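Counting along the sequence shown from 1, when you hit position 318 you're at 318 in the UniProt record's numbering, and nothing is skipped either side.
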Amino acid sequence: MERRSNRIEAQELEVSVNVKRPEGDVSITSEPSCLAAQVREQVPALHQGGEVGRRWTYLDSAATTLTPQPVIDVLSDFYATETGSAGRGGHWRARRSTQRYEAARARVAAFLGAETSSSVVFTRGATHALNLIACGLRGALKPGDEVVISAMEHHANLLPWRALAEESGARLRVVPLNERGELDREATEAMIGARTAIVALTHVSNVLGTVNPVAEWVEMARGYGALSVIDGSQSVAHRAIDVKALGCDFFVCSAHKMYGPTGVGVLCGRSEALERLRPMELGGGMMTSVREDEVVFAELPNRLEAGTPPVAQAVGMAAAIDWMEGFGMEALQRHEEALCAYALERFKEVEGVEVVGSPAERSAVIAFGLRGVDAYDLGELLDAQNVAVRVGSHCAHPLVRELGLCATARASFGAYTDRDDIDALIEALAEAARFSPCGELDGQPR
């Protein structure tokens with residue numbers, strides 16, 4: 001059976017989500033705990049992790065954010081009362097499931113500032129979305145074309161472009177960083193030019209927290225007729241996003257980094273750019289007619305969504321957006337910026353701690369190390385004190401190598417992070433420093 005049209009009347013798209021909203025003024029000044037306190041009571045995982053009877057400090061939100069109870073409730077209710085196969089079947093649950101799926105699409109579109117709901121393609125995550133773009137552009141590049149990325153890309157925004165360049169004979173160019181961990185401006189201007197076919201850039205580095213000038217990259221790309229791709233995985237939960245204002249051709253993100261469920265993400269694109277993509281995956285729901293010798297693909301976004309759609313996950317993503325916007329994206333950004341400033345000051349108190357990078361504009365991510373202590377050992381020492389951080393190369397091997405390191409620890413913040421979490425990290429680092437002999441960070445020269 002063909003998938004139903006995603007054009008559903010507005011009144012059918014309204015879905016009530018019971019989201020507990022903060023009371024009073026949630027604006028943040030020097031003390032961010034007022035917002036965090038209201039958030040923390042809604043996140044059950046914070047009260048179940050670590051050693052019984054001790055506070056669990058979760059500082060790994062750049063990997064996965066913890067899911068608030070209102071979002072869990074929406075998911076549970078959907079599975080209990082509304083499960084059906086969207087776009088398939090004539091019974092009421094199938095129709096209701098379709099309505100919920102398209103309502104979620106409309107909610108995501110409004111949140112991102114997309115042109116229309118049809119500009120939003122649901123994917124399995126940002127990695128899947130980036131592969132959809134790169135694979136969809138097969139045949140569009142030729143020898144002599146260039147793809148420009150930065151040295152701070154996550155592997156998900158590096159490997160698909162490397163594969164596309166190798167397959168097409170195009171050249172992959174990588175903009176280096178300056179000593180602060182920011183993009184080298186002169187190199188950027190030198191690399192983006194008449195040969196550029198695609199520019200792909202992370203909005204925020206998942207290692208350094210650097211907030212990149214994506215609007216400038218997009219403008220330069222447009223000036224040369226190149227497509228622009230923005231990886232918003234590390235920005236979408238931490239600041240307001242308006243893809244029309246950014247002007248990019250494609251923007252991708254994952255729900256599990258924005259307080260939503262795993263297994264779903266979004267490819268948001270301009271209609272003209274999405275039309276250029278050849279479907280990477282083939283199957284049910286993405287065509288209107290199939291004959292032995294002919295296939296007619298469906299309209300956007302269905303043509304890029306082969307197979308049974310992730311209805312529950314999309315509904316959960318929309319609920320997470322409602323939850324975030326209940327606090328206000330500007331308030332969340334101020335909250336996390338205040339925490340970053342506080343953490344950077346407190347890091348100075350522990351001898352031997354070195355913060356990696358010093359970008360002028362940093363989001364909710366700080367990479368660091370302790371001289372003489374292996375990053376993986378440091379992670380275990382912190383975990384033993386109920387402090388959860390990420391250690392390793394953070395799926396950004398080229399960047400970590402460019403920094404002269406093998407691995408780093410990384411603290412990353414969310415809406416539920418407060419000063420007590422930062423204090424717990426500093427106390428745990430001070431304890432770990434007792435095991436630190438003199439030496440270089442991670443045993444590698446800086």
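Heads up, the beta-carbon is just placed ideally off N, CA and C, and yes, glycines get one too. None of these values were measured; they are calculated from a predicted model.
ask   = Taking 7 Å as the cut-off, does the CB of residue 235 come closer than this to any heavy atom belonging to the ligand NAP?
value = Because no ligand of any kind appears in the structure shown, any question about the ligand NAP cannot be addressed here.
ask   = Which ranges does the beta strand (DSSP E) cover as unbroken runs of at least 3 residues, wholly within the segment 318-400, from first to last along the chain?
value = 353-356, 365-370 and 390-392
inquiry  = Using beta carbons (cut-off 8 Å, strictly below), is residue 103 in contact with chain B?
reply    = Here there is only one protein chain, and chain B is not present.
request  = With distances taken Cα to Cα, identify the nearest neighbour of residue 119 among 55, 221, 238 and 267.
outcome  = 267
message = Using only the alpha-carbon positions, how far apart do residue 42 and residue 328 sit?
response = 16 Å
ask   = Is it buried or exposed for residue 54, if we count other Cβ within 10 angstroms and need 16 for buried?
value = exposed
request  = With DSSP as the reference, label residue 135 as helix, strand or coil.
outcome  = helix
inquiry  = My output table needs one value for residue 24: the three-state DSSP class, helix, strand or coil.
reply    = In this prediction, residue 24 has a pLDDT of 41, which is less than 50 and means its spatial position is unreliable; nothing more can be read from the coordinates.
message = As an exercise, report each continuous alpha helix (DSSP H) stretch of at least 4 residues that is fully enclosed by the segment 157-203, in chain order.
response = 159-168 and 185-191
ask   = Do you know offhand how far residue 214's Cα is from residue 368's?
value = 25 Å
task = Determine the contact status of residue 200 and residue 229, defining contact as a CB-CB distance below 8 Å.
result = yes
ask   = With DSSP run on the structure shown, which of helix, strand or coil describes residue 253?
value = strand
message = Given a cut-off of 8 Å on the beta-carbon distance, is the pair residue 117 and residue 106 in contact?
response = yes
inquiry  = Here's a check: name, in chain order, each residue in its chain whose Cβ is nearer than 7 Å to the Cβ of residue 389, leaving out the five neighbours to either side.
reply    = 59, 60, 379, 382, 409, 410 and 411
ask   = What does a CB cutoff of less than 8 Å around residue 192 pick up in its chain, not counting 5 residues either side in sequence?
value = 148, 199, 217, 220, 221, 224 and 226
inquiry  = Which of the three DSSP states is assigned to residue 108 in this structure?
reply    = helix
ask   = Between residue 103 and residue 95, what straight-line distance do the alpha-carbon atoms span, to the nearest angstrom?
value = 12 Å
task = Determine the extent of the alpha helix (DSSP H) in which residue 271 is found, giving its start and end residues.
result = 271-275
ask   = Are the CB atoms of residue 133 and residue 300 nearer to each other than 8 Å?
value = no
task = Identify the continuous alpha helix (DSSP H) that holds residue 422 and give its terminal residues.
result = 419-433
task = My understanding is that residue 356 touches residue 208, with C-beta atoms under 8 Å, so please give their C-beta distance in whole angstroms.
result = 7 Å
request  = Assign residue 93 to one of three DSSP states: helix, strand, or coil.
outcome  = helix
ask   = In whole angstroms, what is the alpha-carbon distance linking residue 29 and residue 338?
value = Legend: pLDDT at residue 29 = 36, less than 50; position of this residue unreliable, no value from coordinates given.
query = Who does residue 287 pair with in a DSSP beta bridge?
reply = 297
ask   = How is residue 102 classed by DSSP in three states: helix, strand or coil?
value = helix
request  = Please confirm if the segment 227-246 is in contact with the segment 149-163, defined as three or more CB-CB distances below 8 Å between the two stretches.
outcome  = yes
key: Inter-residue spacing [alpha-carbon to alpha-carbon] between residue 428 and residue 320   = 32 Å
ask   = Thinking C-alpha only, which one of 370, 344 and 333 is nearest residue 481?
value = Given that the chain is displayed from residue 1 to residue 446, the structure contains no residue 481 and the question cannot be resolved.
request  = Using only alpha-carbon positions, find the residue among 376, 181 and 402 that is nearest to residue 432.
outcome  = 376
message = Tell me the rounded alpha-carbon separation between residue 143 and residue 418.
response = 51 Å
query = So which of 77, 74 and 308 has the shortest CA-CA distance to residue 282?
reply = 308
request  = State the beta-bridge partners of residue 266 as determined by DSSP.
outcome  = 122 and 253
key: Test item: CB-CB of residue 342 and residue 39 under 8 Å   = no
key: Cβ shell of residue 265 (< 7 Å), same chain only, five flanking positions each side left out   = 123, 124, 125, 126, 128, 129, 252, 253, 254 and 255
inquiry  = Based on DSSP bridge pairs, tell me the residues matched to residue 411.
reply    = 366
task = Would you identify the three-state DSSP class for residue 236, choosing helix, strand or coil?
result = coil
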